[in-house]
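S.K.: One structure is given below, represented as structure tokens, and several questions about it will come after.
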Amino acid sequence: MGDNKIIYVDDFQGAIDSNMELQADNIIEDKLDFENALSILNQEYKLVIILYYVNGFNTREISEILNEKEGTIKSRLSRARQQLKVHYVKSENKSFSNGGC
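Numbering that gives the first Met the number 0 puts the first residue of the sequence shown at 0, with every later residue one more than the last.
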């Protein structure tokens, strides 16, 4: 019929545990990267980024929460994204020039 392989439960559980640990490490690293990126933003930009991406509010809802015009919120989101993009490019270039991946 074919080669049937026996997979021991301990080996399988070890592989699952290892994968879960790797995923947890990646989540922690992503969270630290996100917090580091947010640290470059002023308070107004940081707030709209968190409300939009973390809390899931749309621009209309954010404008109501902050009692600002929706256009103002859209502008802040756009400017915050631009600052984050510039920061990301600079950090990637720095990492690359220091022998990073």
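The beta carbon of each residue, even a glycine, is placed where N, CA and C say it ideally should be.
For clarity, every value in this text was computed on a predicted model and none was experimentally measured.
#1: Rounded to whole angstroms, what is the Cα-Cα separation between LEU83 and ILE72?
#2: What does the alpha-carbon distance come out to for the pair PHE56 and ALA36?
#3: Is ILE39 helix, strand or coil when you go by DSSP?
#4: Does DSSP classify ASN129 as helix, strand or coil?
#5: Of all the options LEU65, ILE64, GLU60, ARG80, which has the alpha carbon lying nearest to the alpha carbon of LEU40?
#6: So for PHE33, helix, strand or coil by DSSP?
#7: Could you tell me if ILE48 is buried or exposed, where buried requires 16 or more neighbouring beta carbons within 10 angstroms of its beta carbon?
M.R.: Once the coordinates are examined:
#1: ILE72 has its alpha-carbon roughly 16 Å from the corresponding atom of LEU83.
#2: So the two alpha carbons sit approximately 20 Å from each other.
#3: It is coil, neither helix nor strand.
#4: Because the chain here runs from 0 to 100, residue 129 falls outside it and cannot be looked at.
#5: Of the listed residues, the one whose Cα sits closest to LEU40 is ARG80.
#6: If DSSP states are grouped into helix, strand and coil, PHE33 belongs with the helices.
#7: So ILE48 counts as buried.
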